[in-house]
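Numbering (our numbering), first residue to last: 1198 to 1311.
Beta carbons are placed, not taken as given, at the ideal position from N, Cα and C, and that holds for glycine.
Quick notes on the structure that follows.
And the structure:
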């Protein structure tokens, strides 16, 4: 039996979430997408409702909130009793570098995903 990672996708761009969903479900069968959010409040609710979420694919720049919304949210996730791992998704390499230097995510993906 294959172990699956229960993950949440967080991105304010519906097409970006769709592309990430397609990439994960077609190439990586060990991911189960249990929720999607377009902002931090919605993501927070999803994660609080399900303590079995293993990871979050998190856009750093949520335009409806702030340029650093994803970074700030990842700090908040680290304060949870059983924090999920984070993979940052960004269209800006400078954001990825900042995230790696300050937060130590599991990894990052640059948009557009192929």
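Item, Value
"To which residues of the same chain is residue 1286 closer than 6 Å at the C-beta, ignoring the five residues directly before and after it?", "1254, 1256 and 1306"
"Considering only the beta carbon of each residue, do residue 1208 and residue 1221 sit closer than 8 Å?", "no"
"By a C-beta neighbour count over all protein chains shown, 10 Å radius and 16 as the cutoff for buried, is residue 1290 buried or exposed?", "exposed"
"Below 8 Å, can you find three or more Cβ-Cβ pairs linking the stretch 1261 to 1280 to the stretch 1219 to 1234?", "no"
"Determine the contact status of residue 1300 and residue 1271, defining contact as a CB-CB distance below 8 Å.", "yes"
"Would you say residue 1286 faces chain C, with C-beta separation under 8 Å as the test?", "Of the chains in the structure shown, none is chain C; there is only one protein chain."
"Taking the CB atoms as reference points, tell me whether residue 1267 and residue 1259 lie closer together than 8 Å.", "yes"
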